[in-house]
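What follows is a single structure, written as structure tokens, with notes after it.
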Amino acid sequence: SQTIHQWPATLVQPVGSPLSLECTVEGTSNPNLYWYRQAAGRGLQLLFYSVGIGQISSEVPQNLSASRPQDRQFILSSKKLLLSDSGFYLCAWKGGAGSVYGYTFGSGTRLTVV
Amino acid sequence: GEDVEQSLFLSVREGDSSVINCTYTDSSSTYLYWYKQEPGAGLQLLTYIFSNMDMKQDQRLTVLLNKKDKHLSLRIADTQTGDSAIYFCAETLSGTYKYIFGTGTRLKVLA
């Protein structure tokens, strides 16, 4: 069965520090991978998606970047965190544009920038 | 534009029915989804409906789709305290890999 792992679960980082959040998927190959951010009391904002190794699409201009060094690994990074980067970050995978079963989400990382 | 709208809050008594509404924008969306998010957790797919359907029932859940008005609803029968969560609707944008999520409706079930 397919599973998705996301870590760490919580993170408190000072302003200006770097960030690396990792997401890995098991039990599937060539998944479409996504990073979403959920700010407090708000909906989900799509940050990045990837349809293959080294292929990253950015949805919004921001302080963050993403990389996909391996087929089932998706990394969210920042060189210098801002206070506005605080939020709940969710990784998700999907089996292709025609997949009916929607996304499978990781358990999320709560990032607090202080 | 890409905008999926939901009311932010809903409060119901245990045992009553809950109806969560959603208005979407892309008339060519192939599938529409309902997700549930419990506190501090990721999103869990509850159910989905294909765009050529008007209704789908799955145990206590009933999804109604009005394509003319671009309106989607989720009815939860016999609502329980364990149903307290945030519920998101989502649409697929045709020909893309993207989903657009609503802002989420926070359902509070009163004992």
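Quick note, the sequences are listed as chains C and V, same order. Numbering-wise (the working numbering), the first sequence opens with residue 1029 and increments by one. Numbering-wise (the working numbering), the second sequence opens with residue -3 and increments by one. Just so you know, even glycine gets a beta-carbon here, dropped at the ideal spot from N, CA and C.
Per DSSP, cross-strand counterpart(s) of residue i
i                 : result
SER1105 (chain C) : C:SER1048 and C:SER1093
ILE1032 (chain C) : C:VAL1053
SER69 (chain V)   : V:ASN17 and V:LEU60
GLY91 (chain V)   : Partner(s): none; GLY91 (chain V) has no beta bridge.
VAL1142 (chain C) : VAL1142 (chain C) pairs with nothing; no bridge assigned.
THR101 (chain V)  : V:TYR83
TYR1062 (chain C) : C:TYR1077 and C:ALA1120
THR1038 (chain C) : C:ARG1138
MET51 (chain V)   : V:LEU60
CB contact flag (residue i, residue j, <8 Å)
i                 : j                 : result
ASN1091 (chain C) : SER1078 (chain C) : no
SER80 (chain V)   : VAL15 (chain V)   : no
GLN1083 (chain C) : ARG1065 (chain C) : no
GLU10 (chain V)   : GLN55 (chain V)   : no
ALA1067 (chain C) : GLY1136 (chain C) : no
SER1045 (chain C) : LEU1139 (chain C) : no
ALA1094 (chain C) : TRP1121 (chain C) : no
ILE45 (chain V)   : LEU61 (chain V)   : yes
VAL1141 (chain C) : LEU1111 (chain C) : yes
ASN1058 (chain C) : TYR93 (chain V)   : no
ILE82 (chain V)   : GLY98 (chain V)   : no
ILE1032 (chain C) : GLY1130 (chain C) : no
For residue j and residue i, believed in contact at Cβ under 8 Å, the rounded distance
i                : j                : result
PHE84 (chain V)  : LEU28 (chain V)  : Not a contact, Cβ separation roughly 11 Å.
SER13 (chain V)  : ARG102 (chain V) : At roughly 17 Å, the Cβ-Cβ gap does not stay under 8 Å, so SER13 (chain V) and ARG102 (chain V) are not in contact.
LEU106 (chain V) : SER3 (chain V)   : In fact, because the Cβ distance is near 17 Å, the residues do not count as touching under 8 Å.
LYS66 (chain V)  : VAL59 (chain V)  : Their Cβ separation, rounded to whole angstroms, is 14 Å, which puts LYS66 (chain V) and VAL59 (chain V) out of contact at 8 Å.
SER47 (chain V)  : LYS63 (chain V)  : 7 Å
At least three beta-carbon pairs within less than 8 Å, the region 1069 to 1077 of chain C to the region 1044 to 1054 of chain C: The region 1069 to 1077 of chain C is not in contact with the region 1044 to 1054 of chain C.
Segment contact flag, the region 17 to 34 of chain V with the region 86 to 104 of chain V, C-beta cutoff 8 Å, min 3 pairs: Touching, yes.
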